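*Asks:* My questions will all concern the structure given below.
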Amino acid sequence: PASGRTYHVKFNPPKVPDVDDVTGEPLIQRDDDKEATVQKRLQVYSEQTRPLVAYYESWAKSDPVAAPKYRTINGTGTVDEIRERVFKALA
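Going by my numbering, the first residue of the sequence shown is number 300, and it counts up by one from there.
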């Protein structure tokens with residue numbers, strides 16, 4: 300939307316479906332928020348990122364003193380819940 304506000308169907312829905320809360324403008328779906336784009340991101344994660352995660356997990360288990368710190372954070376929930384988990388993991 301022209302306002303720049305973003306919504307989420309579950310975690311931050313607009314008060315009226317498909318309508319911006321402030322301006323009343325119709326909401327649009329971003330091109331990067333479509334199923335094909337998400338499928339591609341998951342493929343890239345599986346091929347490129349997941350092996351890196353496995354590498355650091357393995358390193359942390361074999362040599363916890365020398366290995367960089369590795370934390371897993373659950374990304375499900377509200378922005379505030381996730382932020383709290385991130386801050387707790389970094390403390």
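We put the beta carbon where it would ideally sit given N, CA and C, even for glycine.
All figures in this text were calculated on a predicted structure; none of them were measured in a lab.
With a threshold of 6 Å, establish whether the CB of Thr377 neighbours any heavy atom of the ligand GDP.
*Replies:* By its list of ligands, the structure shown contains no ligand whatsoever, and the ligand GDP lies outside what it can speak to.
*Asks:* Please state if the CB of Pro316 and the CB of Tyr306 are separated by a distance shorter than 7 Å.
*Replies:* One-based indexing of the sequence shown puts residue 306 at position 7. One-based indexing of the sequence shown puts residue 316 at position 17. No, the Cβ-Cβ distance between Tyr306 and Pro316 is not below 7 Å.
*Asks:* Measuring straight from C-alpha to C-alpha, what distance separates Asp332 and Gly303?
*Replies:* As a working mapping, residue 332 is identified with position 33 in the sequence shown. As a working mapping, residue 303 is identified with position 4 in the sequence shown. C-alpha separation (whole angstroms): 15 Å.
*Asks:* Between Arg393 and Asn373, how many whole angstroms is the CB-CB distance? I'm expecting something under 8 Å.
*Replies:* Residue 393 lies beyond the range of the chain shown here (300 to 390); nothing can be said about it.
*Asks:* As an exercise, report each continuous alpha helix (DSSP H) stretch of at least 4 residues that is fully enclosed by the region 322-388, in chain order.
*Replies:* Here the runs fully enclosed are 334-343 and 349-361.
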